[in-house]
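Inspection log for the structure reproduced underneath, given as structure tokens.
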Amino acid sequence: MQINKIQISNFGKLNDINIDLEPGINIIKGKNEAGKSTLADFVRCTYYGVSKNKNGKTYSDFEKYSPWNNNKFAGRIDYEINDQKYSIYRDFTKNKATITDEYGADVSDNFNKTKSKGAEIGFEQFKMDEETFENSTLVRQNQIAVDTTSQNSIIQKIGNAIQTGDESLSYDEIIKKLEKVLYDEVGTDRTTTKPKYTLKKEVSRLEVKQIELESASSRSGEIKKQKDELKEKNIALQEEHKTLRELRDIKFKYEKEKNDARNKYELEQKYKKEQKEKELAKIKKRKVIVSILIVLMMIISISCIIYLKSNYYYIAIPLVLGVILLLINILAGNKEEPQVIEKPFSTIEDEITRKENKEIKKLALKKPIKKSFVNKNSEMLNEEISNIENEVAKNEIEIHKLKIDEDSIKEKVADFNEVVEDLEYNRSELEKVLKKEEIINIGLSLLKDSYEEIKKKIIPSIEEDIKYTISKTTNGKYNEIKYNDVYGLICKNEYGELIPLDKLSLGTMDQIYLGFRLAVADKYENLPLIFDEAFVYFDDERLENLLKSLIEISDEKQIIILSCSERETNILEKLKVKYKNIFI
Numbered sequence: 000m001q002i003n004k005i006q007i008s009n010f011g012k013l014n015d016i017n018i019d020l021e022p023g024i025n026i027i028k029g030k031n032e033a034g035k036s037t038l039a040d041f042v043r044c045t046y047y048g049v050s051k052n053k054n055g056k057t058y059s060d061f062e063k064y065s066p067w068n069n070n071k072f073a074g075r076i077d078y079e080i081n082d083q084k085y086s087i088y089r090d091f092t093k094n095k096a097t098i099t100d101e102y103g104a105d106v107s108d109n110f111n112k113t114k115s116k117g118a119e120i121g122f123e124q125f126k127m128d129e130e131t132f133e134n135s136t137l138v139r140q141n142q143i144a145v146d147t148t149s150q151n152s153i154i155q156k157i158g159n160a161i162q163t164g165d166e167s168l169s170y171d172e173i174i175k176k177l178e179k180v181l182y183d184e185v186g187t188d189r190t191t192t193k194p195k196y197t198l199k200k201e202v203s204r205l206e207v208k209q210i211e212l213e214s215a216s217s218r219s220g221e222i223k224k225q226k227d228e229l230k231e232k233n234i235a236l237q238e239e240h241k242t243l244r245e246l247r248d249i250k251f252k253y254e255k256e257k258n259d260a261r262n263k264y265e266l267e268q269k270y271k272k273e274q275k276e277k278e279l280a281k282i283k284k285r286k287v288i289v290s291i292l293i294v295l296m297m298i299i300s301i302s303c304i305i306y307l308k309s310n311y312y313y314i315a316i317p318l319v320l321g322v323i324l325l326l327i328n329i330l331a332g333n334k335e336e337p338q339v340i341e342k343p344f345s346t347i348e349d350e351i352t353r354k355e356n357k358e359i360k361k362l363a364l365k366k367p368i369k370k371s372f373v374n375k376n377s378e379m380l381n382e383e384i385s386n387i388e389n390e391v392a393k394n395e396i397e398i399h400k401l402k403i404d405e406d407s408i409k410e411k412v413a414d415f416n417e418v419v420e421d422l423e424y425n426r427s428e429l430e431k432v433l434k435k436e437e438i439i440n441i442g443l444s445l446l447k448d449s450y451e452e453i454k455k456k457i458i459p460s461i462e463e464d465i466k467y468t469i470s471k472t473t474n475g476k477y478n479e480i481k482y483n484d485v486y487g488l489i490c491k492n493e494y495g496e497l498i499p500l501d502k503l504s505l506g507t508m509d510q511i512y513l514g515f516r517l518a519v520a521d522k523y524e525n526l527p528l529i530f531d532e533a534f535v536y537f538d539d540e541r542l543e544n545l546l547k548s549l550i551e552i553s554d555e556k557q558i559i560i561l562s563c564s565e566r567e568t569n570i571l572e573k574l575k576v577k578y579k580n581i582f583i
């Protein structure tokens with residue numbers, strides 16, 4: 000398989016890119032951040048689609064590579080495989096791929112399509128899924144290592160890619176078909192459109208619904224009881240409200256009467272006080288006049304005595320008059336006003352209170368009245384009346400809510416029999432689906448066991464391929480590689496010592512993992528090998544050894560090296576190897 004041309008409208012930071020590739024070795028150069036890794040991902044996404052799933056990453060591929068300028072998020076790859084030429088144009092925004100053959104005929108319908116990524120071109124033409132592509136054909140900087148889980152997964156996937164010549168050994172296809180049947184006709188607990196998920200969800204929903212209806216049915220009686228209690232409470236409150244209003248009216252009437260009586264009493268007292276003060280003023284005035292007259296009489300008498308030394312009779316007259324006036328004044332001053340015994344206001348108030356109590360007792364004979372209410376005034380009773388009105392209104396609202404609940408429950412209970420029937424039907428259907436799942440899983444288990452037997456024949460072949468590559472790149476220092484499901488790749492050094500890969504230098508580890516990738520890639524359709532800054536930790540000697548290995552296979556496999564360094568081209572120039580140099 001060979002990629003002939005790459006055209007990118009917009010993909011991440013790349014736009015209006017046109018790259019022509021040739022068989023053999025292609026070196027694509029660019030500065031750091033020029034978009035070399037983006038170019039590698041464009042190839043991957045064109046064949047396998049761009050995912051909107053983050054898969055634990057901060058951004059999904061769709062978010063990461065969508066153009067910021069809203070330009071066309073699309074591109075094209077021209078390639079040939081199995082002596083046939085194809086062109087893929089993928090519109091990533093619409094998740095749509097158009098595949099044409101060398102005559103321009105649209106063959107897109109020949110490829111299976113998924114909802115998440117569109118046409119599965121890479122999977123169907125390379126017989127390789129995206130995970131294997133990432134762990135073999137595409138080799139990235141700082142991502143050369145392949146963990147044990149991925150190694151196991153890849154080993155299992157390459158069984159059908161080995162040319163055994165025996166179609167009956169195509170267990171992978173049978174397994175895939177069975178898995179597809181399992182997926183389409185059963186699904187998983189997460190496939191929201193498949194029978195297992197939908198039936199489980201529906202059974203769960205109906206079970207909850209059944210419990211709700213049973214609960215609702217029992218709650219119906221409770222609601223009626225609550226509603227009746229609130230109605231009875233409101234009737235009692237309204238009776239109490241009526242009684243309190245009558246009591247308040249009585250209280251208000253006699254409070255007014257007391258207030259009026261107090262005002263009248265105070266006015267009378269004020270008037271009497273004013274009259275008394277007037278009378279006292281008159282007496283005081285009279286006393287002053289009499290006192291003046293007495294003084295005058297005394298003066299006259301004394302004057303007569305002085306000037307009228309005789310006629311004592313005339314002298315005695317004013318003296319006698321003065322004495323008389325003095326006696327009158329004394330008698331008038333000592334005269335006490337008659338004391339009128341007045342009734343105190345408390346007596347009047349008590350009389351009114353007695354009338355009030357009499358009327359309240361009369362009311363109490365007709366209707367029960369709380370003692371605490373009797374001792375309250377009209378204003379306090381108004382507050383109590385307002386409280387009762389608020390409580391009645393609150394109860395009415397609650398009664399209304401209960402009525403709505405009651406009506407809703409009646410509608411639900413009416414559906415109870417239908418829910419029970421639906422639940423039984425869905426349980427029966429779910430049981431059939433789970434039985435089918437069990438049967439298919441038994442078949443898959445048997446097939447996978449058989450597949451494991453075949454895998455035991457595959458692994459030695461892969462080990463030999465890795466051994467060949469590693470022996471060349473390490474000058475024979477690590478010339479034997481072993482693989483097992485538990486530890487993955489293990490190597491032996493020239494002394495026969497088994498060494499886990501994590502005990503080796505970073506550069507050596509990269510070479511071994513790279514050998515594994517090349518061995519895996521060798522099993523698939525001679526796919527191009529894409530190296531994205533993959534040789535950063537290789538020294539010049541190891542890089543030269545690796546390039547020599549790549550040169551050996553470049554007649555059969557297209558090699559695409561993305562690099563910001565001159566090291567690769569310098570070595571190729573030194574070895575006098577033909578290559579195409581491309582700049583982006």
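Numbering (numbering that gives the first Met the number 0), first residue to last: 0 to 583.
Glycine included, C-beta positions come from ideal geometry on N, C-alpha and C.
None of these values were measured; they are calculated from a predicted model.
Cβ contact annotation for residue 566 (same chain, cutoff 8 Å, sequence separation greater than five): 534, 539 and 542, in chain order. In the assembly as shown, residue 60 is a buried residue. Its beta-carbon has 16 or more other beta-carbons within 10 Å. Pairing residue 8 with residue 70 gives a Cβ-Cβ distance under 8 Å. Here residue 506 has 536, 537, 538 and 541 as same chain residues with Cβ atoms under 7 Å from its own Cβ, once five neighbours each way along the sequence are excluded. Distance from the Cα of residue 140 is smallest, within the candidate group 573, 564 and 572, for 564.
Secondary structure at residue 201: helix, using DSSP grouped into helix, strand and coil. Distance from the CA atom of residue 581 to the CA atom of residue 18, rounded to whole angstroms, is 8 Å. Contact between the segment 102–113 and the segment 15–29 is absent, with fewer than three C-beta pairs closer than 8 Å. Here residue 182 is near residue 190, since their CB atoms are less than 8 Å apart. Its Cα nearest to that of residue 544, the residue 574 stands out among 95, 285 and 574.
When only Cα atoms are considered, residue 89 and residue 552 end up about 30 Å apart. Looking at the DSSP output, residue 117 sits in a beta bridge with 113.
For the 8 Å CB-CB criterion, residue 526 and residue 520 form a contact.
Per DSSP, the beta bridge partners of residue 487 are 483. For residue 544, there is no enclosing beta strand (DSSP E); the residue is found in the alpha helix (DSSP H) stretching over 539–552.
Assignment of residue 189 by DSSP, reduced to helix, strand and coil, places it in the coil class. Residue burial is scored here from C-beta neighbours: residue 306 has fewer than 16 other C-beta atoms within 10 angstroms and is therefore classed as exposed. Taking all protein chains shown into account, residue 350 has fewer than 16 neighbouring C-beta atoms within 10 Å of its C-beta and is therefore exposed.
Ranked by Cα distance from residue 361, the options 285, 242 and 261 are led by 242. For residue 128, the three-state secondary structure derived from DSSP is coil.
Note on residue 52: under 16 other CB atoms within 10 angstroms of its CB, so exposed under the neighbour-count rule. Taking 8 Å as the cut-off, the Cβ atoms of residue 398 and residue 229 count as close.
Following the DSSP letters along the chain, one finds residue 373 inside the alpha helix (DSSP H) bounded by residues 370–373. Per DSSP, the unbroken beta strand (DSSP E) holding residue 10 starts and ends at 1–10. Within 10 angstroms of the beta-carbon of residue 250 lie 16 or more other beta-carbons, which makes it buried.
Residue range 83–90 is occupied by the beta strand (DSSP E) that includes residue 85. Within the DSSP bridge table, the entry for residue 79 names 1 and 84 as partners. No residue range can be given for residue 53, since it is assigned to no beta strand (DSSP E) and is classified by DSSP as neither H nor E.
420 is the residue among 482, 357, 579 and 420 whose C-alpha sits nearest the C-alpha of residue 206.
Beta-bridge annotation (DSSP): residue 139 is paired with 531. For residue 19, the uninterrupted beta strand (DSSP E) segment begins and ends at 13–19.
Per DSSP, residue 569 has no beta bridge partner at all. Secondary structure at residue 497: strand, using DSSP grouped into helix, strand and coil. For residue 248, no pairing in a beta bridge is given by DSSP. In chain order, 212, 215, 216 and 219 place their CB closer than 8 Å to the CB of residue 412, counting only its own chain and leaving out the 5 sequence neighbours on each side. Around the beta carbon of residue 37, a 10 Å sphere encloses 16 or more other beta carbons of the protein chains shown; the residue is thus reported as buried.
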